[in-house]
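> Residue numbers (my numbering): -3 to 335. Below are the structure tokens for one structure; questions will follow.
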Ligand SMILES: *Cc1c(COP(=O)(O)O)cnc(C)c1O
């Protein structure tokens, strides 16, 4: 952010801001190339995958995915429903294809991961959300063998641990949690899987956007520039191994407090606890407002739980330093002592 601030009013010696430059000009193209090549380097994305920088969020991609991967509305895609976001993606897909529910953990209030996943051989793909941002549930690893390509929403945990991209047919993520500001969405897709329909909107047509280097319409230039800066920072800090270590450490600091006390509790099963989002509750809910106020007075904001769950939620994205999780852990223990 400091680097962006320093060069905001004038980018290089262009006499213009990055937000004033043409997306077709050499200066912005350099930024686009930086974002593309840093992401390919960081995630180890093979040549046979397109990398797209689009708009309309992960929510837009929930519609775009069937419209690009399934050329016939009657064909089937399999969906695992493990929380708020994978459920919304499934509901959206139903408008554009036949949906087979491969697993659904609603009976456990989305606090577990499915024991079994049932994927029909004739499904075009299997969709799941790697990290459920609201329910705080994360797949510890790529689900075991699927007969069909994996399509994965990595909006809240992209670039937070090593990944083998070739295990997936398609990965997608809004940038705003781990990679930069809101307004740009990354799609990484195996070129051989694209079968867009004639009626697929042109801005959501992955084939067309790939041919036009994400510039079929004006791309979100400032956001792409910011993502390039964040990716460069992640690489300089040590890449995915390092951020995997940090996220584990941050998660442990908070869950250690929750596990060692009856004052706080977590709804999430131990084997699928998210490293990114930790929903937790005070056993005496009357103290929650005071807990949040006290945190805010110490500069710790954004701890109020999502409206869907209530309580509190600690989000530990890449930009949150280990020291931030340490400070929250200390505050939680201190608050308990004083209560
Ligand atoms: C935030 C989030 C979304 C929604 O992203 P938008 O960019 O707001 O559409 C979808 N899936 C997951 C897992 C998320 O965390």
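Think of the CB as a built atom: it goes at the ideal place given N, C-alpha and C, for glycine as much as any other residue.
Does DSSP put residue 311 in a helix, a strand or coil?
Against the chain shown, residue 311 aligns to sequence position 315. Residue 311: strand per DSSP, three-state reduction.
> Between the region 148 to 167 and the region 88 to 104, can you find at least three pairs of beta-carbon atoms closer than 8 Å?
no
> Let's see if you can read the secondary structure: which residues bound the beta strand (DSSP E) around residue 273?
Locating residue 273 in the chain shown gives position 277, where the first residue counts as 1. From DSSP, the beta strand (DSSP E) with residue 273 extends over 273 to 278.
> For residue 216, I'd like the list of residues in its chain whose CB is within less than 8 Å of its CB, leaving aside the five on either flank, ordered along the chain.
Against the chain shown, residue 216 aligns to sequence position 220. Around residue 216: 49, 51, 179, 180.
> Quick check: the Cα distance between residue 24 and residue -2, rounded to an integer number of angstroms?
Sequence index remark: in the chain shown, residue 24 carries index 28 (1-based). Sequence index remark: in the chain shown, residue -2 carries index 2 (1-based). Taking the straight line joining both Cα atoms gives about 19 Å.
> Along the chain, where does the beta strand (DSSP E) that runs through residue 165 open and close?
Translated into positions along the chain shown, residue 165 becomes position 169. Premise fails: residue 165 is in no beta strand (DSSP E) and is neither H nor E.
> Mark residue 196 as exposed unless 16 or more other C-beta atoms lie within 10 angstroms of its C-beta, in which case mark it buried.
Taking the first residue of the chain shown as position 1, residue 196 is located at position 200. With 16 or more other Cβ atoms within 10 Å, it is buried.
> Starting from the Cα of residue 90, find the closest Cα among 79, 17, 313, 73 and give me that residue.
In the chain shown, counting from the first residue as 1, residue 90 sits at position 94. Among 79, 17, 313, 73, the Cα nearest to that of residue 90 belongs to 73.
> Identify whether residue 230 lies in helix, strand or coil by the three-state DSSP scheme.
Position 234 of the chain shown, counted from the start, is the residue given in the question as residue 230. Looking at residue 230 - three-state DSSP - the assignment turns out to be helix.
> So is residue 107 in contact with chain C if we call contact Cβ pairs under 8 Å?
No chain C appears in the structure shown, which is made up of a single protein chain.
> Check the C-beta distance from residue 309 over to residue 275 and give it rounded, since I have them as a contact under 8 Å.
For the purposes of this step, residue 309 is taken as residue 313 along the chain shown, with counting starting at 1. For the purposes of this step, residue 275 is taken as residue 279 along the chain shown, with counting starting at 1. Confirmed, about 5 Å.
> Below 8 Å, can you find three or more Cβ-Cβ pairs linking the region 57 to 69 to the region 109 to 124?
At 8 Å Cβ cutoff, the stretches touch.
> Can you give, in chain order, each stretch of the alpha helix (DSSP H) that sits fully within the region 71 to 101 and has at least 4 residues?
Listed in chain order, the complete alpha helix (DSSP H) runs (minimum 4 residues) inside the region 71 to 101 are 80 to 89.
> Any chance the CB of residue 156 is under 7 Å from a heavy atom of ligand 1?
Here residue 156 refers to the residue found at position 160 of the chain shown. For ligand 1, not one heavy atom lies less than 7 Å from the Cβ of residue 156.
> Does the Cβ of residue 55 lie closer than 7 Å to at least one heavy atom of ligand 2?
For ligand 2, the structure offers nothing, since it holds only ligand 1.
> Using only the alpha-carbon positions, how far apart do residue 268 and residue 305 sit?
The sequence position of residue 268 within the chain shown is 272, counting from 1. The sequence position of residue 305 within the chain shown is 309, counting from 1. Going by the C-alpha atoms only, they are around 17 Å apart.
> Just the C-alpha distance for residue 183 and residue 16, rounded to the nearest angstrom, thanks.
On the chain shown, residue 183 is found 187 positions in, with the first residue counted as 1. On the chain shown, residue 16 is found 20 positions in, with the first residue counted as 1. Approximately 26 Å, taken between the alpha carbons.
> Is any heavy atom of ligand 1 found at a distance shorter than 7 Å from the C-beta of residue 209?
Mapped onto the chain shown, residue 209 falls at position 213. Checking the Cβ of residue 209 against ligand 1 gives no.
> Tell me the DSSP secondary structure of residue 49 in three-state form.
Here residue 49 refers to the residue found at position 53 of the chain shown. Note: residue 49 maps to strand in three-state DSSP.
> Alpha carbon to alpha carbon, how far is residue 159 from residue 261? Give it in angstroms, no decimals.
Reading the chain shown from its first residue, position 265 is the one you call residue 261. Reading the chain shown from its first residue, position 163 is the one you call residue 159. Straight-line Cα distance between these residues: approximately 31 Å.
> In whole angstroms, what is the alpha-carbon distance linking residue 203 and residue 189?
Working through the chain shown from its first residue, we reach residue 203 at position 207. Working through the chain shown from its first residue, we reach residue 189 at position 193. Whole-angstrom Cα-Cα distance: 10 Å.
> How close, in whole Å, do the beta carbons of residue 38 and residue 235 come, if the pair is a contact with beta carbons under 8 Å?
The residue labelled residue 38 in the question sits at position 42 within the chain shown. The residue labelled residue 235 in the question sits at position 239 within the chain shown. About 6 Å separates the two Cβ atoms, so the contact holds.
> Comparing C-alpha positions only, which one of 289, 240, 71 sits nearest to residue 317?
Here residue 317 is taken as the residue at index 321 of the chain shown, counted from 1. Answer by Cα proximity: 240.
> Under 8 Å between the Cβ atoms of residue 175 and residue 154?
Mapped onto the chain shown, residue 175 falls at position 179. Mapped onto the chain shown, residue 154 falls at position 158. A contact, by the Cβ cut-off of 8 Å.
> Check residue 7 in the structure and name its three-state DSSP category.
On the chain shown, position 11 is the one that residue 7 refers to. Residue state, collapsed to three classes: coil.
> For residue 169, which residues does DSSP report across the bridge?
The residue given as residue 169 occupies position 173 in the chain shown. Partner(s): 182.
> Would you call the region 222 to 232 and the region 99 to 117 in contact, with 3 or more CB pairs under 8 Å?
no
> Only counting the same chain, and skipping five residues up and downstream in sequence, which positions put a Cβ closer than 7 Å to that of residue 19?
Numbered from 1 along the chain shown, position 23 holds the residue referred to as residue 19. If we look at residue 19 and ignore the five residues flanking it on each side, its Cβ neighbours are 211, 214, 215, 217.
> Give a single yes or no on whether residue 188 has its beta carbon closer than 7 Å to a heavy atom of ligand 1.
Reading the chain shown from its first residue, position 192 is the one you call residue 188. False, no ligand heavy atom lies under 7 Å from that Cβ.
> Quick one: using the 10 Å Cβ neighbour count with 16 as the cut-off for buried, is residue 266 buried or exposed?
Indexing the chain shown from 1 puts residue 266 at position 270. Classification for residue 266: exposed.
> Near residue 47, what residues of its chain come up, given a Cβ to Cβ distance below 8 Å and the 5 sequence neighbours on each side ignored?
By 1-based counting over the chain shown, the position of residue 47 is 51. Contacts found: 32, 35, 36, 41, 182, 183, 184.
> Rounded to the nearest angstrom, what separates residue 192 and residue 65 at their Cα positions?
Residue mapping note: residue 192 aligns to position 196 of the chain shown, counting from 1. Residue mapping note: residue 65 aligns to position 69 of the chain shown, counting from 1. One C-alpha to the other measures close to 6 Å.
> Which residue marks the beginning of the beta strand (DSSP E) containing residue 146, and which one marks its end?
Counting from one through the chain shown, the residue named residue 146 turns up at place 150. Segment 146 to 149, the beta strand (DSSP E) holding residue 146.
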